[in-house]
Structure formats: structure tokens, C-alpha cells
Amino acid sequence: MQNAPKRTILIIDDEVQIVLGLRDALEFEGFRVVTAELGLVGVELAKKERPEAILLDLMLPDANGYQACALIRAFDRRVPILMLTARSQEGDKLRGFEAGADDYVTKPFSVNELIARLRAIVRRTEWQPQSPETTVIGEATINFGAQTSRRGGLEEPLSFYEVEVLRLLVEKQGQAVARDHILERVWGLQNVATNRTVDNVIVKLRKKIESSAEKPLHILTVYGFGYKLA
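All the letters of the sequence shown, read from the start, carry residue numbers 1487 to 1716 under the working numbering.
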């Protein structure tokens, strides 16, 4: 019986010791690892290798992580991108999310935690949920397969986590969904992602779906609990 092909992880980082440590740990866990020290080289590898997930450092010698992330998103909206950085300020994280990153890991980090996040992401990209390929929310048409939201003639990409949160809200439409349940279902981990992580995804979804993100009519806050899709 032929073994299944190994899932590929792309690491774009110029810190040699971090790359070597991650490569050893990921290969031990059964992943295939490809690496690049430069952002633009990493972008080309992403085109060639089509990895299951990308670990992308923010500080690179040529293009920074924001630029590399945006370039990757121009041809691949679906691959999960985890940004690695020594910065932890809220503004840096928001800028990373705006560039198309799905998650944010601050150095120094636990290798075991990072691998757990990667495994959760890969499982979700391989899982085919029993939900419609498209749905309409207010004036927005959501295409889950293409990971897009179209409203008023404008099409915007949806990140991996935006799609998964939205799938859950559609599945539970009309019901209040607790933040903790969203974290467990979408991120699949405890003590890694936080309620703030969920809130950030909801803020981005409202900007792409609601006519007024400040006065949402569809993705509603259930104060002290979570969210629901009206």
C-alpha cells in the first residue's frame, strides 16, 4: 500500500536557528518542509509548492512579511498563513490581518503550540463540511469554496478563519454561539487563541458583509456571550 504524500509546510524566515528547529520538529511530526530566507523567494516557492500552510516571518531582508503576505494572497486566498514576529503590539497584528494573515504567533513561542496550531489548520483545510457552497447574507453573497464575499459589485477575499467562523454562524443561524465554542470549533485548541482573536475576525467579517460595520444587521453581538447570525 502506497503511503499518502506528506503535507508541505513553507517556512519563510531568515533566522537560521529558528528555521532549523522548526524544520526538525515538523519533519519529526511527519510534515514535508520547504524554506526560504527571503520574502520574494518565499512567494515564488508558495506558487511552486502550493503548501498546506505557511509560516511567515515579519522581519525579512527584502520584502517584509506584510508585503510577502499580500503577494501570496494575490494568487492564493486559501492557504493558511501564520505570521511569526517579535512584535506584539495590537497595531502590528491588525496590519498583519489586513495583509491577509490568518494567525499571529509572537516570538519566543512554544514549538509544540505552533505545531498544534498547524495540525488544527491542516485538519480544517482537509475537512469538507456539509454546508452550501454559497449563501446570501443581507446584500452579500458568500462563496465558501472561492473564499470570497461579493457586495454591491465589489468582491473581497475571505481568510481561512473568516470562512470557518462564518460557516459556523451559518450552521447555527439564529442561535447565539459562545466565543468559547467558536474557539474550540474553529481553532480547535485551548489556551492558544483568545476571545480577542474571535472579535478580530468578526470585525473583519462585518466590514466585508455588512452595509455598516458599526451598525451590523446580520452578524450580531450577544453581549457577554458571543455572536449570532440574524
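The beta-carbon is built from N, C-alpha and C at its ideal position, and this holds for glycine as well. All figures in this text were calculated on a predicted structure; none of them were measured in a lab.
- In this structure, Val1672 sits near Glu1650, with a CB-CB distance shorter than 9 Å.
- The residue from Leu1600, Ile1497, Leu1568 with its alpha-carbon nearest to that of Ala1585 is Leu1568.
- Apart from sequence neighbours up to five positions away, the residues of its chain that approach Phe1583 with a beta-carbon distance below 7 Å are Asn1686, Lys1690, ordered along the chain.
- Residue pairing by DSSP places Val1622 opposite Thr1627 in a beta bridge.
- Our two residues, Ser1697 and Leu1526, have alpha carbons roughly 36 Å apart in a direct line.
- Three or more beta-carbon pairs separated by less than 8 Å link the region 1523-1539 to the region 1554-1570, which places the two stretches in contact.
- If you draw a 10 Å sphere on the C-beta of Asp1499, you find 16 or more other C-beta atoms in it, and that means buried.
- When Ala1602, Leu1557, Cys1555, Ile1558 are compared, the shortest CA-CA separation from Leu1508 is found for Ala1602.
- At least 9 Å separates the beta-carbon of Ala1626 from that of Lys1701.
- Taken atom to atom, the span from the alpha-carbon of Ile1558 to that of Ala1539 is near 12 Å.
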